[in-house]
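Novice: Dropping the structure in here first, questions after.
Residue numbers (this note's numbering), protein chains in the order written: chain A, 1 to 166; chain B, 1001 to 1203.
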């Protein structure tokens, strides 16, 4: 239905037209949304429950000034939770995946900077119970999630409150 | 164009909603944190204070001192949790491995491992008991039986690990008077190839 409108935009995909058809399938989109949404809901719950621990994690990156560490540690998990819920429920899908992709890009930059500075710290990715050190694996995870986000942004034409948009 | 502005409007709306929910939840949560973070001061405990007569006497006397203040409140872990954020800005006394060895050699104080139960089971400092800082409320009944003037040495994995400070905060609210943190923690202990214990002590 939108093939004509998008033809110019996705010129480079012409050779991989099958790929595009698969990616734009509503079921694959739903899968991406559910996956990204659930990962972020899971990641946010413990950070919301134990803000002090997330704040310590944020502080350990030594990027933000100390005075705003707590505010960031309080607000970020709520953005993650809301966007996760919106993605799964199918409301504000584009803006939610846009926000999450922006967050993921920030996380990737922070992780790379921590590795470059040789910091041996807890990543804080999923809150306190996940004992995961900062490392390349975390970056690969985040890049994977970022790809999901980009996928959703690229192929979602409009938001729908229905579970599967048509 | 309108699509972009509506996208932007939605993004701003989600952020504002998050800020609102975060602030409201934090205000009412028992584990809320101050909005502006303050520096935690780590102060190295000097040998002269650690090994002075008065502290030595205090810790060996073993007199049970019941905290005079809010004893009733302390019996209830919930109200304890409400007190807890109030003491987050404070000093911590840090000891070195040498000081720790000397204290352990003199069999002084109680050693508490603030890490999770799993980490503790895999190995811990000789004679340490496990009080996982994240579930410290569960151990309140046991902690309350320790005389308040006991010398308590707390450790976690390394200086970046916050669990030791979380436990120290809690004990401070319980009015423990002599708290020390072995800041290099488990990593420092194993790097120095010190003796590792895998048997559990229950408090």
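Glycine residues also receive a C-beta, built at the ideal position from the N, C-alpha and C atoms. In this text, all values refer to a predicted model and were calculated from it rather than measured experimentally.
Which runs of the alpha helix (DSSP H) spanning at least 4 residues fall entirely within the segment 43-127 of chain A, listed in chain order?
Specialist: Whole alpha helix (DSSP H) segments, 4+ residues: 51-60, 66-89, 93-116.
Novice: In angstroms, rounded to a whole number, what distance separates the CA positions of residue 1062 of chain B and residue 1105 of chain B?
Specialist: For the purposes of this step, residue 1062 of chain B is taken as residue 62 along the second chain, with counting starting at 1. For the purposes of this step, residue 1105 of chain B is taken as residue 105 along the second chain, with counting starting at 1. With a pLDDT of only 40 at residue 1062 of chain B, under the threshold of 50, the placement of this residue in the model should not be trusted; the figure read from the coordinates follows. Whole-angstrom Cα-Cα distance: 18 angstroms.
Novice: For residue 1022 of chain B, tell me which candidate among B/1010, B/1035, B/1012 has the shortest Cα-Cα distance.
Specialist: For the purposes of this step, residue 1022 of chain B is identified with residue 22 of the second chain, where counting begins at 1. Nearest C-alpha to residue 1022 of chain B: B/1035.
Novice: Output yes or no for whether 9 angstroms exceeds the beta carbon distance between residue 1038 of chain B and residue 66 of chain A.
Specialist: Reading the second chain from its first residue, position 38 is the one you call residue 1038 of chain B. Reading the first chain from its first residue, position 66 is the one you call residue 66 of chain A. Yes, they are a contact pair.
Novice: Output needed in chain order: residues of the segment 1135-1147 of chain B with a Cβ under 7 angstroms from some Cβ in chain A.
Specialist: Within the segment 1135-1147 of chain B, no residue has a Cβ that lies closer than 7 angstroms to any Cβ of chain A.
Novice: Determine the direct distance from the alpha carbon of residue 69 of chain A to that of residue 1059 of chain B, and round the result to whole angstroms.
Specialist: Here residue 1059 of chain B refers to the residue found at position 59 when the second chain is read from its first residue. Here residue 69 of chain A refers to the residue found at position 69 when the first chain is read from its first residue. Per-residue confidence for residue 1059 of chain B stands at a pLDDT of 43, beneath the threshold of 50, marking its modelled position as unreliable; no derived number is given.
Novice: Taking C-beta to C-beta, are residue 1232 of chain B and residue 1151 of chain B nearer than 9 angstroms?
Specialist: Since the first residue of chain B shown is 1001 and the last is 1203, residue 1232 of chain B is not available in this structure.
Novice: Taking 8 angstroms as the cut-off, does the segment 1014-1033 of chain B touch the segment 72-82 of chain A (at least 3 CB pairs, one atom from each stretch)?
Specialist: They touch, by the three-pair rule.
Novice: Check each candidate in A/53, A/154, A/126, A/146 and name the one with the smallest Cα separation from residue 44 of chain A.
Specialist: To locate residue 44 of chain A, count along the first chain from 1; it is residue 44. Of A/53, A/154, A/126, A/146, the residue nearest in Cα terms is A/126.
Novice: At a CB-CB cut-off below 9 angstroms, which residues of chain B make contact with residue 96 of chain A?
Specialist: By one-based count along the first chain, residue 96 of chain A stands at place 96. Under the 9 angstroms cutoff, chain B gives 1010, 1011, 1014.
Novice: Closest by CA to residue 139 of chain A, which one among A/155, A/75, A/110?
Specialist: Along the first chain, one-based indexing puts residue 139 of chain A at 139. For the residues A/155, A/75, A/110, the minimum Cα distance to residue 139 of chain A belongs to A/110.
Novice: Going by C-alpha distance, which of A/102, A/136, A/103 is nearest residue 118 of chain A?
Specialist: Here residue 118 of chain A corresponds to residue number 118 of the first chain, with the count starting at 1. Comparing Cα positions, the closest option is A/136.
Novice: Using a Cβ cut-off of 9 angstroms (strictly closer), state whether residue 1039 of chain B contacts chain A.
Specialist: Counting from 1 along the second chain, the entry for residue 1039 of chain B is found at position 39. True, the Cβ-Cβ gap to chain A drops below 9 angstroms.
Novice: What in chain B is Cβ-close to residue 67 of chain A, meaning under 7 angstroms?
Specialist: The count along the first chain starts at 1 and reaches residue 67 of chain A at position 67. Near residue 67 of chain A (Cβ distances below 7 angstroms), the residues of chain B are 1036, 1037.
Novice: Pick helix, strand or coil for residue 1042 of chain B, following the three-state DSSP scheme.
Specialist: Numbered from 1 along the second chain, position 42 holds the residue referred to as residue 1042 of chain B. The answer is strand: DSSP assigns residue 1042 of chain B an E or B state.
Novice: For residue 1006 of chain B, does the count of other Cβ atoms within 10 angstroms reach 16, so buried, or fall short, so exposed?
Specialist: The sequence position of residue 1006 of chain B within the second chain is 6, counting from 1. By the 10 Å Cβ count, residue 1006 of chain B comes out exposed.
Novice: Work out the CA separation of residue 1133 of chain B and residue 1116 of chain B for me, nearest whole Å.
Specialist: Against the second chain, residue 1116 of chain B aligns to sequence position 116. Against the second chain, residue 1133 of chain B aligns to sequence position 133. Approximately 8 angstroms, taken between the alpha carbons.
Novice: Within 10 angstroms of its Cβ, does residue 1288 of chain B collect 16 or more other Cβ (buried), or is it exposed?
Specialist: Here chain B comprises residues numbered 1001 to 1203, so residue 1288 of chain B is not present and cannot be evaluated.
Novice: Identify which residue in B/1169, B/1166, B/1175, B/1122 has its Cα closest to the Cα of residue 1146 of chain B.
Specialist: Within the second chain, residue 1146 of chain B is the residue found at index 146, counting from 1. Ranking B/1169, B/1166, B/1175, B/1122 by Cα distance to residue 1146 of chain B puts B/1175 first.
Novice: Once DSSP output is grouped into helix, strand and coil, what is the label at residue 1149 of chain B?
Specialist: The residue given as residue 1149 of chain B occupies position 149 in the second chain. Coil at residue 1149 of chain B, not helix or strand.
Novice: Based on Cα-Cα distance, which residue from A/73, A/114, A/21, A/58 lies nearest to residue 1018 of chain B?
Specialist: For the purposes of this step, residue 1018 of chain B is taken as the residue at position 18 of the second chain. Residue A/73 is the option with its Cα nearest to residue 1018 of chain B.
Novice: For residue 1076 of chain B, does the three-state DSSP call read helix, strand or coil?
Specialist: Along the second chain, read from residue 1 onward, the residue named residue 1076 of chain B stands at position 76. Any answer about residue 1076 of chain B is weak, because its pLDDT of 45 lies below 50 and its placement is not dependable; what the coordinates show is given next. DSSP places residue 1076 of chain B in coil when its eight states are reduced to three.
Novice: What residue does the beta strand (DSSP E) around residue 1179 of chain B start on, and which one ends it?
Specialist: As a working mapping, residue 1179 of chain B is identified with position 179 in the second chain. 1178-1182 is the extent of the beta strand (DSSP E) around residue 1179 of chain B.
Novice: Identify, in the order they occur along the chain, each residue of the same chain with its Cβ nearer than 7 angstroms to the Cβ of residue 1161 of chain B, setting aside the five sequence neighbours on each side.
Specialist: Sequence index remark: in the second chain, residue 1161 of chain B carries index 161 (1-based). So the list reads 1185, once near-sequence residues are dropped.
Novice: Which residues in chain A have a C-beta closer than 7 angstroms to the C-beta of residue 1162 of chain B? List them in chain order.
Specialist: As a working mapping, residue 1162 of chain B is identified with position 162 in the second chain. Chain A residues near residue 1162 of chain B: 53, 56.
Novice: Let me know the secondary structure DSSP gives residue 1009 of chain B once reduced to three states.
Specialist: Residue numbering aside, residue 1009 of chain B sits at position 9 when the second chain is read from its first letter. Reduced to three states, the DSSP call for residue 1009 of chain B is helix.
Novice: Suppose the cutoff is 8 angstroms on Cβ atoms and the five residues either side in sequence are ignored; what does the same chain contact list for residue 1188 of chain B look like?
Specialist: Start at 1 with the first residue of the second chain, and residue 1188 of chain B comes out as number 188. 1097, 1158, 1182.
Novice: Would you tell me roughly how many angstroms separate the C-alpha atoms of residue 100 of chain A and residue 1024 of chain B, rounded to the nearest one?
Specialist: Here residue 100 of chain A is taken as the residue at index 100 of the first chain, counted from 1. Here residue 1024 of chain B is taken as the residue at index 24 of the second chain, counted from 1. Going from the Cα of residue 100 of chain A to the Cα of residue 1024 of chain B covers about 22 angstroms.
Novice: Between which two residues does the alpha helix (DSSP H) holding residue 1134 of chain B run?
Specialist: Here residue 1134 of chain B refers to the residue found at position 134 of the second chain. Premise fails: residue 1134 of chain B is in no alpha helix (DSSP H) and is neither H nor E.
Novice: Residue range of the alpha helix (DSSP H) that residue 19 of chain A falls in?
Specialist: In the first chain, residue 19 of chain A corresponds to position 19, counting from 1. Its alpha helix (DSSP H) spans residues 17-24.
Novice: Check whether the Cβ atoms of residue 1120 of chain B and residue 1128 of chain B sit closer than 9 angstroms, and answer yes or no.
Specialist: Locating residue 1120 of chain B in the second chain gives position 120, where the first residue counts as 1. Locating residue 1128 of chain B in the second chain gives position 128, where the first residue counts as 1. Result yes, Cβ atoms of residue 1120 of chain B and residue 1128 of chain B sit closer than 9 angstroms.
Novice: For chain A, check one thing: does any of its Cβ atoms lie closer than 9 angstroms to the Cβ of residue 1049 of chain B?
Specialist: For the purposes of this step, residue 1049 of chain B is taken as the residue at position 49 of the second chain. No, its Cβ sits nowhere closer than 9 angstroms to a Cβ of chain A.
Novice: Just to make sure I have the definition right: I need the residues of chain C whose C-beta is within less than 7 angstroms of the C-beta of residue 1018 of chain B. Which are they?
Specialist: This model lacks chain C altogether; the protein chains it does include are A and B.
Novice: Let me check one thing: in DSSP terms, what residues is residue 1174 of chain B bridge-paired to?
Specialist: Here the question's residue 1174 of chain B lines up with position 174 in the second chain. Paired residue(s): none; residue 1174 of chain B is not in a bridge.
Novice: Mind checking whether residue 1136 of chain B and residue 1167 of chain B have CB atoms under 9 angstroms apart?
Specialist: Residue 1136 of chain B sits at position 136 when you count from the first residue of the second chain. Residue 1167 of chain B sits at position 167 when you count from the first residue of the second chain. Yes.
Novice: Taking residue 102 of chain A as the reference, give the member of A/149, A/59, A/25, A/30 with the closest Cα.
Specialist: Within the first chain, the letter at position 102 stands for residue 102 of chain A. The shortest C-alpha separation from residue 102 of chain A is found at A/149.
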